[in-house]
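Enquirer: The sequence shown begins at 1 in full-length UniProt numbering and counts up by one.
Each residue gets a CB set at the ideal place from its N, CA and C atoms; glycine is no exception.
Please read all numbers here as calculations on a predicted model, not as lab measurements.
Have a look at this one before I ask anything.
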Amino acid sequence: MEGDIVQMGAYIGAGLACMGMGGSAMGVGNVAGNFLSGALRNPSAAADQTATLFIGIAFAEALGIFSFLVALLLMFAV
């Protein structure tokens with residue numbers, strides 16, 4: 001009985017950790033959308049900001065990968 005409750009808690013925690021992946025997807029969309037908005041307003045400056053775009057996307061995506069790893073650890077390390 002006690003092992004079932006621990007397993008249930010691990011699955012609930014993994015599901016909650018997966019919400020971080022959704023937040024990461026919204027963050028990537030926000031970064032890309034703001035870049036596109038700025039590039040459409042000032043196309044000559046868009047080439048200078050491309051590196052900043054990729055750095056922002058990488059940081060936002062890293063948070064999603066970290067939450068995925070936490071979910072895997074909760075599911076299989078318990």
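Please list the terminal residues of the continuous alpha helix (DSSP H) segment that includes Gln7.
Expert: Stepping through the sequence shown from its first residue, residue 7 is reached at position 7. Its alpha helix (DSSP H) spans residues 2-41.
Enquirer: Look at Ile65 and Val31 and say whether their C-beta atoms are less than 8 Å apart.
Expert: On the sequence shown, position 65 is the one that residue 65 refers to. On the sequence shown, position 31 is the one that residue 31 refers to. Not a contact, by the Cβ cut-off of 8 Å.
Enquirer: How is Ala47 classed by DSSP in three states: helix, strand or coil?
Expert: Here residue 47 corresponds to residue number 47 of the sequence shown, with the count starting at 1. Three-state result, Ala47: coil.
Enquirer: Does DSSP classify Ala60 as helix, strand or coil?
Expert: Taking the first residue of the sequence shown as 1, we reach residue 60 at position 60. Residue state, collapsed to three classes: helix.
Enquirer: With a threshold of 6 Å on Cβ separation, who are the neighbours of Phe35 within its own chain once the five nearest residues in sequence on each side are excluded?
Expert: Walking along the sequence shown from the start, residue 35 turns up at place 35. Excluding sequence neighbours, Phe35 sits near Leu53.
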